[in-house]
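Have a look at the structure below before the remarks.
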């Protein structure tokens with residue numbers, strides 16, 4: 009362990025949490041992991057992580073606590089529940105929430121944690137997925153106090169290529185919702201473009217090169233057009249996670265009276281896919297819907 013290493017707890021060893029922990033271990037940080045799924049924890053201890061018996065144990069032993077969890081209710085339970093982060097909190101510690109949850113819930117929980125314990129909270133939802141995390145090339149949009157944002161950089165510098173403070177607590181989560189809106193729209197557009205190309209006798213896998221540098225170009229087009237065309241359903245992101253984010257986006261839009269007509273259609277498409285049992289599957293599975301393979 010190098011002298012410059014940070015002491016970091018990672019709570020949540022799912023797909024993203026495991027990638028985050030792995031990257032920090034490879035960056036020679038001291039990493040403690042907690043998850044209810046013991047095999048996931050064991051896979052990380054084999055790489056050099058320390059296993060914690062509880063959330064409070066993980067928080068007590070470390071200066072930074074990263075959360076990588078699925079829902080605001082889970083985050084709230086992990087932070088404020090029995091033997092949660094708050095039980096070991098102090099002003100010297102910093103919570104970095106890399107989950108994707110509701111902006112209003114984030115702001116409320118951050119205020120509560122600071123008021124009750126002095127421990128600050130930076131919301132740091134991410135874009136870039138597992139490949140970005142493992143390569144230390146994530147895009148992270150943050151919300152919180154500027155001083156806390158800079159303190160979190162001690163850890164985030166090992167995970168991010170783009171780390172941006174978007175505003176006060178919750179602003180990172182709002183920006184993540186915008187990111188997810190772009191992704192959902194583009195995934196659906198790619199699926200429809202594949203079908204249109206096939207109907208017109210054009211090789212859809214030739215489209216990314218043909219459009220490269222034009223106004224329709226994007227990293228999603230370049231990365232996913234061939235995947236969708238090949239009906240390659242290998243996992244890169246879960247449909248039910250996208251639906252969770254779209255539900256949060258729609259809820260936030262209702263609260264703020266923001267008209268988002270396209271979002272409503274995307275929500276229902278993803279809900280249909282989940283109802284067909286494809287929730288845990290990759291976004292490329294939406295090709296099954298356009299192929300007429302989902303009744």
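Residue numbers (my numbering): 9 to 303. The beta carbon of each residue, even a glycine, is placed where N, CA and C say it ideally should be.
From the DSSP output, in three-state form, read off residue i for me.
i: residue 298; result: helix
i: residue 21; result: coil
i: residue 233; result: helix
i: residue 167; result: coil
i: residue 14; result: coil
i: residue 288; result: coil
i: residue 117; result: helix
i: residue 180; result: helix
Considering only the alpha carbon of each residue, which of the options lies closest to residue i?
i: residue 204; options: 179, 223, 187, 236; result: 236
i: residue 73; options: 48, 89, 130, 79; result: 130
i: residue 167; options: 38, 146, 178, 152; result: 146
i: residue 276; options: 214, 196, 241; result: 196
i: residue 176; options: 298, 60, 128; result: 128
i: residue 23; options: 78, 300, 67; result: 78
i: residue 239; options: 279, 198, 210, 103; result: 198
i: residue 226; options: 101, 180, 190, 89; result: 190
i: residue 228; options: 221, 220, 194, 217; result: 194
i: residue 139; options: 27, 19, 91; result: 27
i: residue 54; options: 37, 33, 63; result: 33
i: residue 153; options: 217, 219, 115, 187; result: 115
Quick one: residues in its chain with C-beta nearer than 8 Å to the C-beta of residue i, no 5 flanking neighbours on either side, listed in chain order?
i: residue 212; result: 201, 202, 205, 206, 233, 234, 236, 237
i: residue 287; result: 246, 247, 248, 251, 281
i: residue 260; result: 110, 111, 112, 182, 185, 266
i: residue 126; result: 97, 98, 99
i: residue 170; result: 146, 147, 148
Since residue i and residue j should fall inside the 8 Å C-beta cutoff, what is the C-beta to C-beta distance between them, to a whole number of angstroms?
i: residue 108; j: residue 253; result: 6 Å
i: residue 104; j: residue 160; result: 5 Å
i: residue 192; j: residue 297; result: With 8 Å as the limit, residue 192 and residue 297 do not qualify as a contact, their Cβ atoms being about 14 Å apart.
i: residue 101; j: residue 67; result: 7 Å
i: residue 117; j: residue 87; result: 6 Å
i: residue 180; j: residue 133; result: 6 Å
i: residue 76; j: residue 25; result: 3 Å
i: residue 94; j: residue 124; result: 7 Å
Among residues of its own chain, excluding the 5 on either side of residue i, which ones have a beta-carbon nearer than 6 Å to its beta-carbon?
i: residue 284; result: 302
Leaving out five residues on either side along the sequence, give the residues of the same chain with a beta carbon under 7 Å from the beta carbon of residue i.
i: residue 157; result: 130, 150, 173
i: residue 21; result: 29, 41, 43, 45, 48, 49, 52
i: residue 70; result: 15, 16, 17, 40
i: residue 80; result: 109, 110, 113
i: residue 278; result: 247, 250, 251, 254
i: residue 242; result: 290
i: residue 31; result: 141, 142, 144, 166, 167
**Request:** Within the stretch 201-285, note down every full alpha helix (DSSP H) run reaching 4 residues or more, in order along the chain.
**Result:** 215-219, 227-237, 247-264, 269-283
**Item:** Secondary structure, beta strand (DSSP E): runs of 3+ residues fully inside the stretch 33-90
**Value:** DSSP runs (the beta strand (DSSP E)) wholly in the stretch 33-90: 38-42, 72-75.
**Prompt:** What residue ranges within the stretch 102-149 form continuous beta strand (DSSP E) runs of no fewer than 3 residues, ordered along the chain?
**Reply:** List check, beta strand (DSSP E) in window: 102-105, 128-131.
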